[in-house]
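Protein chains in written order, with the numbering used here: chain A, 3 to 237; chain B, 3 to 237.
2 protein chains.
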Amino acid sequence: MTSDLPLVPQVLATMELFLELPPVAQETVAATAHVRRLPKDTRIFNQGDADVRAHALIEGGVRISQLGSDGAQVVVRFIGPGEMFGTVALFTNGRYPADAVTLVDSLEVSWSRADLFALMVRYPQIAINIIRIIGNRLQEVQDRVRELSTQRAERRVAHALLRLARQAGHNTTDGTAIEFPLRRKDLADISGTTLHTASRILTAWEKAGLLASRNQRLTIRRPAEILRIAEDATD
Amino acid sequence: MTSDLPLVPQVLATMELFLELPPVAQETVAATAHVRRLPKDTRIFNQGDADVRAHALIEGGVRISQLGSDGAQVVVRFIGPGEMFGTVALFTNGRYPADAVTLVDSLEVSWSRADLFALMVRYPQIAINIIRIIGNRLQEVQDRVRELSTQRAERRVAHALLRLARQAGHNTTDGTAIEFPLRRKDLADISGTTLHTASRILTAWEKAGLLASRNQRLTIRRPAEILRIAEDATD
DNA sequence: CGCTTCTTTGAATTTCGTCAAAAGGCGTGG
DNA sequence: CCACGCCTTTTGACGAAATTCAAAGAAGCG
Numbered sequence: 003m004t005s006d007l008p009l010v011p012q013v014l015a016t017m018e019l020f021l022e023l024p025p026v027a028q029e030t031v032a033a034t035a036h037v038r039r040l041p042k043d044t045r046i047f048n049q050g051d052a053d054v055r056a057h058a059l060i061e062g063g064v065r066i067s068q069l070g071s072d073g074a075q076v077v078v079r080f081i082g083p084g085e086m087f088g089t090v091a092l093f094t095n096g097r098y099p100a101d102a103v104t105l106v107d108s109l110e111v112s113w114s115r116a117d118l119f120a121l122m123v124r125y126p127q128i129a130i131n132i133i134r135i136i137g138n139r140l141q142e143v144q145d146r147v148r149e150l151s152t153q154r155a156e157r158r159v160a161h162a163l164l165r166l167a168r169q170a171g172h173n174t175t176d177g178t179a180i181e182f183p184l185r186r187k188d189l190a191d192i193s194g195t196t197l198h199t200a201s202r203i204l205t206a207w208e209k210a211g212l213l214a215s216r217n218q219r220l221t222i223r224r225p226a227e228i229l230r231i232a233e234d235a236t237d
Numbered sequence: 003m004t005s006d007l008p009l010v011p012q013v014l015a016t017m018e019l020f021l022e023l024p025p026v027a028q029e030t031v032a033a034t035a036h037v038r039r040l041p042k043d044t045r046i047f048n049q050g051d052a053d054v055r056a057h058a059l060i061e062g063g064v065r066i067s068q069l070g071s072d073g074a075q076v077v078v079r080f081i082g083p084g085e086m087f088g089t090v091a092l093f094t095n096g097r098y099p100a101d102a103v104t105l106v107d108s109l110e111v112s113w114s115r116a117d118l119f120a121l122m123v124r125y126p127q128i129a130i131n132i133i134r135i136i137g138n139r140l141q142e143v144q145d146r147v148r149e150l151s152t153q154r155a156e157r158r159v160a161h162a163l164l165r166l167a168r169q170a171g172h173n174t175t176d177g178t179a180i181e182f183p184l185r186r187k188d189l190a191d192i193s194g195t196t197l198h199t200a201s202r203i204l205t206a207w208e209k210a211g212l213l214a215s216r217n218q219r220l221t222i223r224r225p226a227e228i229l230r231i232a233e234d235a236t237d
């Protein structure tokens, strides 16, 4: 629809979702986009909701988490600026498979199912972009499966941290800071361990100076060391 | 290219990959397809290979497995008749992310990258089908992540078995038989446990009459019981 | 300043992986 | 047809990593 922020179209052009589109297509994309400003802790959608749209984040951070039938929670993924989310459901069973909650004040755009499909039919490149994005996520999730099957908790936490740094890391004077706030529980849920184990591991790393954490904001001080923990076969 | 089996085009039409295509499109698809007969234990592609094609299985069974940098192996998925595989790599980094090996004598079709892209641009429905297929797999893999994070080995094996039954199950007089041969190691690798634990669990189930296994062929005799193990919160 | 939420830490318990070894099946070749 | 060898499966014992249970300490917010 409309936006109070005229810069949105330019941001859209840089998103992976709309790479390699002709300028005229970019305009159509922007014209059908819905922009929303979202305060911290807003639920963007809930697992099971049927009114599915295609979302993308302009700025801020979103936690995508899934609740099992047994009540166990897993964090599927954190979404940073420029990433799409909640879009796969448009193609599968028409219901969101997970919850989405903002971690900080955020800005999102979204498209209706009809608009997105119309865009795809007109510009097949969009569909190809979506396949590439989902394909990359599929590989990431499969890596997580491998980690969960074969690696111990400390290593998995290290991997999770590195993934977050790659995805939403911001370089500062004393290391790589992760953009959005993360509770110990979040780290645990994305590493596949418990709050307690995650806390012990992070505390140990803080004491060793590999990591700083203040107010749920994490800064990786010595990425090389974390990487060594993540990769070193001789644990 | 060509086929010594004139029935292939009809089979193609029933594959999820080509659903809802106009008949003329089906013909183009068939015309560019490469058909190959593959003996048991053939390596269709290897992790890291760069000459990527889009594959689909007509009959038989294929194991897709991934080797971690640390040498640990995970079975990503088993492919049954009608399923596509090895296709995501066409859209991502151009290298197969896993190995593919036939479990039995099989028949596959494949398309070159160029041919598939040409088809997609001409018939966007193919791209949409691919997104749906990959989207479903993404959800499946995410379910596995949740299981690995929160459930114990016995339950994960039960889930793996049910997934296999749904995907490649064949109803017989004394239960649901899984089409392709599975070693204990395969079950372990897809359940995220060890050969030993998997063996203990399956042996126990066999003794309890829930399952029969002869010559690497599994038959689920009492699906309801397996389902109870998989779902029951009170383990 | 009090309350809620998040984090840390300790101790006991347990599941599961690791190590080890033997038994069973199947095909091949003599 | 039997024997040998390879691959797969079973089973036992042990140990260790991590969950669970329990409780107290910090920190931010109203």
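Just so you know, even glycine gets a beta-carbon here, dropped at the ideal spot from N, CA and C.
Any chain B beta carbon closer than 8 Å to residue i
i               : result
A52 of chain A  : no
E227 of chain A : no
N138 of chain A : yes
A55 of chain A  : A quick correction: the sequence has Arg, not Ala, at residue 55 of chain A. Judged by the 8 Å Cβ criterion, R55 of chain A is not in contact with chain B.
V111 of chain A : no
S5 of chain A   : Because the pLDDT of S5 of chain A is 47, which lies under 50, any placement of that residue in the model is unreliable, and the number read from its coordinates should be weighed accordingly. Not an interface residue.
Residue-level contact to chain A via CB, residue i, 8 Å cutoff
i               : result
T151 of chain B : In the sequence as displayed, the identity of residue 151 of chain B is Ser instead of Thr. At least one chain A Cβ lies under 8 Å of S151 of chain B.
M17 of chain B  : no
M122 of chain B : yes
R219 of chain B : no
A214 of chain B : no
V90 of chain B  : yes
G194 of chain B : yes
Host alpha helix (DSSP H) of residue i (start-end)
i               : result
Q68 of chain A  : Where Q68 of chain A is concerned, there is no enclosing alpha helix (DSSP H), although the beta strand (DSSP E) it sits in stretches over 64 to 69.
D188 of chain A : 186 to 193
P11 of chain A  : 10 to 16
Minimum C-alpha distance to residue i - residue among the options
i               : options                        : result
G82 of chain B  : B:R39, B:Q169, B:A35, B:S193   : B:Q169
P41 of chain B  : B:A74, B:D107, B:A33           : B:D107
R115 of chain B : B:G211, B:D145, B:T34          : B:T34
A155 of chain B : B:G194, B:P25, B:T205, B:P24   : B:G194
Q218 of chain B : B:A91, B:L184, B:S201          : B:L184
R158 of chain B : B:I192, B:T30, B:D176, B:A129  : B:I192
A56 of chain A  : A:G137, A:D117, A:R124, A:R186 : A:D117
H36 of chain A  : A:D51, A:L59, A:E22            : A:L59
A160 of chain A : A:G62, A:R230, A:V143          : A:R230
D43 of chain A  : A:V13, A:E22, A:L105, A:E110   : A:L105
A162 of chain B : B:A15, B:R134, B:R146, B:L21   : B:R146
T178 of chain B : B:I228, B:F20, B:Q12, B:N138   : B:I228
V90 of chain B  : B:L19, B:V10, B:E181           : B:L19
L61 of chain A  : A:D176, A:L212, A:R38          : It is Glu, not Leu, that sits at residue 61 of chain A in the sequence shown. For E61 of chain A, the nearest C-alpha among the options comes from A:R38.
E233 of chain B : A:G73, A:L204, A:P225          : A:G73
G171 of chain B : B:L109, B:M17, B:T221          : B:T221
P25 of chain B  : B:A52, B:R224, B:Q127, B:Q49   : B:Q127
R45 of chain B  : B:A102, B:T30, B:P11           : B:A102
L197 of chain B : B:G211, B:Q75, B:N48           : B:Q75
L164 of chain A : A:I66, A:R224, A:T94           : A:R224
DSSP bridge partner residues for residue i (one or two, in chain order)
i               : result
M86 of chain A  : A:A58
R224 of chain B : Answer is none; R224 of chain B lacks a bridge partner.
H172 of chain B : B:A179
L213 of chain B : B:I222
R79 of chain B  : B:I66
Interface partners of residue i on chain B, CB under 7 Å
i              : result
I1 of chain A  : Residue coverage of chain A in this structure runs from 3 to 237, which leaves residue 1 of chain A outside it and unanswerable.
T94 of chain A : R134, G137, N138, Q141
P99 of chain A : Q141
V78 of chain A : Q144
Residue i - containing beta strand (DSSP E), residue span
i               : result
R134 of chain B : It is not in any beta strand (DSSP E) - R134 of chain B instead sits in the alpha helix (DSSP H) that spans 126 to 152.
A210 of chain A : From DSSP, A210 of chain A is part of no beta strand (DSSP E) but of the alpha helix (DSSP H) over 197 to 210.
L109 of chain B : 108 to 114
L40 of chain B  : 36 to 40
Q49 of chain A  : Here Q49 of chain A belongs to no beta strand (DSSP E), and DSSP marks it neither H nor E.
T104 of chain A : 101 to 104
Partners in chain B for residue i, counting only beta-carbon separations shorter than 8 Å
i               : result
P126 of chain A : M122, V123, P126, A129
A74 of chain A  : R148, S151, T152, Q153
Under 9 Å from the C-beta of residue i: neighbouring residues of chain B
i               : result
Q169 of chain A : Correct list: empty, because the minimum Cβ distance to chain B is about 16 Å.
G63 of chain A  : Correct list: empty, because the minimum Cβ distance to chain B is about 20 Å.
Closer than 7 Å at the beta carbon, the chain A residues around residue i
i              : result
R68 of chain B : Per the sequence presented here, residue 68 of chain B reads as Gln, with Arg not at that position. Correct list: Q144, R148.
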